[in-house]
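Inspection log for the structure reproduced underneath, given as structure tokens.
Residue numbers (my numbering): 5 to 1002.
Here you go:
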């Protein structure tokens, strides 16, 4: 019992050490669990939401639409739980200019169901549900009406239908129609699209850019009122995925098995079958056209034959009358009156030659008969010509049918191809990577500080330990006094750290995340396993340090332990050997130097602890500086143009005329901009069409006119880059990179995220959904956005643009009909404010879809999520620095009590004692700061390498001010600690301290 009381008394006396160990553990556990818990809560809530709304696991698209046979084949694939055939149509409407939207049918098989936020779901024809983004932009509300106009060529399927007339989903007749939706619409609800969780009022809304290939909004409509039997896509749910997290590798493997089955058998068979349907439908139309033409020609020939027969009968009657009259006249002049009577009674018999001669004579003598004969002959000639022409046309159609109908292609995509899904996953993964890295530093510092504190605690109790061991107490029992002390401190600190880690930090992060994404049903959850392991990790580290300290002391005999520890033998330090310096140092300076360098363990612990804390602060500020300069570097340095203007294809000419007439442009470059995807081409067929299997990134595809390839360098800074170490990259000379017809230039932001480099093969998807495998000729320095630059000729080669294959020798880009140059990069005159105002005024023009001012983007670019994480890291690092300095200062004082008492006996005033002790701590702190500043840059570079976020590349930069802030903050913490240490020095009683060893 006395042993326990003494142990508790010892614990109470060492309350400062207890608080230090508890605080370090608290901070470490909070960092270890906090960022993880925030990301995990976001992952889980999003996964629950996706399961509730039935977000598809697999989506199948086709260049020729999908038929009922395709849907039936997909249902038979092993592992497929549900299949939903979907219909959609692109429409336009007027909303401060021409805007586009996708009319999406709400499926009836519980897949991709929109989440109702306000109002009710549409049920009748003409009712729609819209997104909050549309409500915000349009100013409309529930009950408002809207009229839309279907686009003439809203999809590839309708184009195929118009060209071939046979995009059927019915295998028997092949006469299916493209989807058609009502055009008079009424808003009845506001919904959240599960495929895009971006917050329209957050960061993504301010920095995102929509090009012509992507519609501005999505309208959800019920099946009532939707016509057409041609399906735009098919969405699938895979068996067993609902029980797995959509962000785990196991989910990806389950989905991949199904996509591999579709690619392996169904895809190839249905592509061939679909093309045969199109060929059969085309042949049927040709046969029907020939039968109809033959019928019309037969009817026309019958009519001509009837008219000719009537005409011949009329002429024959005249011939007979003239022949009879001639015979009667001849009989009158004869001698036999009976012969005359006989001749008058019968028509004379004429031979064919005579009759034909008379027919021609009669026709020639009568203008009416001549005209009638000419009309009959002309009609017959025209009919014959029409017959020949029609037959030739039909034969040509038969010959061209196979070549005019392209090969049908299927594209099998998983959730990674959804821009909203991949952006959310990448954001959370990147932030979680920070949460995995920083606790390592906290753990190392905790072990170092625990070793320092517990070693001093054990050393102070040397004589007591020797007494207990001499009385027969086991070494384990004696060591348990210190092990339980450290364990209790870790458990209390860890428990408080769990509260901060699973409640405080996640709540903070989720507030920031909800500013970027809409995540219904978000709630904070506790992970018993991870929380327990987090505490256990620090318990093991601290206990290991305590055991080491106990073993170092208890391996001696009780008699040796009960005697005071002999002072360390004097020794020279390196500075003493440098006589010119040493001789000029005062007495107290020499004492300070000896105290610093003779006690190596204290030197290493103090410098290492301060360096680690300083490095964390520098690392956080480095990430902040890197993010803060992204907008300036991208929109001031990389983008040399001041304005990007985008229009619809049909308004491209009007847009250029408008911009030119304003007189603000000093130079410009016409380009084509499309939204697409870049996927790392896996092994095998590069055109496999399966996105997301090896990583996918949403891109902005920029096609440049062939005759103006050299002008691209005047609008965009082209600098080749190569991957470097520790967050750095090798940047080539400005202007050394040229766009040519041998490959595409990929932005560094996309290349870094996908591991793409010069010479790699990638799969590009253009604005029309057509995929092709392209060669990467170079990687260009780019920080924001994922631009892919391609020449006009190489674009034609990739995407089979028939009109663009022979444009290399065209006179100008304006004369070429290969591509519609729907965008303009321009340099403007005037100030930044006037350029921003001009861009805003352009957006009000009906021919302009989007106008982006680089000056405005540079000033308004923000990254709230990373800024919040950086602020959290800097705050925690500052707290750790304060605790470390407090622990080291108290340990320093406790092990030098006799020395301080001696100084007081020698006549030192309290202020002089303060200066004597604090000077050593400040020097060690400065040494730690000097070491921590470059270490922070090193750690910051390594961390930014892990931040592979969509459309962002972090080019590490640390401003001089950040180094100053980190150094000043650490020194300020050291000065603050002195305020706590000085009263302790004042309370040292010289007499009792000097008698303590007796």
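Note that CB positions come from ideal geometry on N, CA and C, so glycine has one too.
Beta-carbon contacts of residue i that lie in its chain and below 7 Å, excluding the five residues immediately before and after
i	result
residue 917	904, 907, 908 and 989
residue 755	761 and 783
residue 220	103, 104, 105 and 214
residue 428	50, 201 and 521
residue 585	579
residue 624	874, 877, 878 and 881
DSSP state of residue i mapped onto helix, strand, coil
i	result
residue 1020	Residue 1020 falls outside the range modelled here, since the chain spans only 5 to 1002, and no answer is possible.
residue 787	coil
residue 183	coil
residue 529	coil
residue 969	helix
residue 314	helix
residue 584	helix
residue 110	coil
residue 226	coil
residue 44	helix
residue 213	The predicted position of residue 213 is uncertain, since its pLDDT is 36 and thus under 50; a value taken from the coordinates is nonetheless stated next. Of the three classes helix, strand and coil, the one that applies to residue 213 here is coil, per DSSP.
Own chain residues within Cβ distance below 6 Å of residue i, not counting five before or after
i	result
residue 1003	The shown model of the chain, from 5 to 1002, leaves out residue 1003, and the question about it has no answer.
residue 129	186, 228 and 229
residue 472	482
Which listed residue (the options) has its alpha carbon closest to that of residue i
i	options	result
residue 556	628, 489, 589 and 479	479
residue 2	40, 759, 673 and 111	Residue 2 is absent from the structure shown; the chain starts at 5 and stops at 1002.
residue 711	702, 681, 744 and 719	744
residue 278	56, 751, 66 and 596	66
residue 257	155, 83 and 110	83
residue 549	598, 449 and 528	449
residue 539	554, 506 and 561	506
residue 89	100, 96, 98 and 69	69
residue 751	780, 774, 486 and 249	780
residue 984	897, 134 and 535	897
Pairwise C-alpha distance: residue j and residue i
i	j	result
residue 1035	residue 642	With the chain covering 5 to 1002 only, the question about residue 1035 has no answer from this structure.
residue 79	residue 103	37 Å
residue 308	residue 301	10 Å
residue 291	residue 413	27 Å
residue 790	residue 843	22 Å
residue 681	residue 706	12 Å
residue 649	residue 829	7 Å
residue 726	residue 141	41 Å
residue 943	residue 442	10 Å
residue 226	residue 126	6 Å
residue 674	residue 96	24 Å
residue 124	residue 144	16 Å
residue 859	residue 788	14 Å
residue 274	residue 284	15 Å
residue 456	residue 606	8 Å
residue 487	residue 453	15 Å
residue 885	residue 970	11 Å
residue 644	residue 720	5 Å
residue 1013	residue 330	The chain is shown from 5 up to 1002; residue 1013 falls before or after that span and cannot be answered.
Expected contact under 8 Å - CB spacing of residue i and residue j to nearest Å
i	j	result
residue 460	residue 899	5 Å
residue 241	residue 115	6 Å
residue 941	residue 632	Their Cβ separation, rounded to whole angstroms, is 16 Å, which puts residue 941 and residue 632 out of contact at 8 Å.
residue 183	residue 93	5 Å
residue 3	residue 523	Given that the chain is displayed from residue 5 to residue 1002, the structure contains no residue 3 and the question cannot be resolved.
residue 708	residue 796	7 Å
residue 466	residue 565	5 Å
residue 64	residue 416	6 Å
residue 418	residue 61	7 Å
Close Cβ partners of residue i (< 8 Å) along its chain, the five nearest in sequence each way excluded
i	result
residue 778	747, 748, 765, 766, 767, 768, 794, 798 and 802
residue 16	none
residue 498	29, 30, 33, 538, 539, 542 and 543
residue 834	668 and 842
residue 792	680, 682, 703, 704, 705, 706, 748, 749, 750, 751, 754 and 768
residue 993	905
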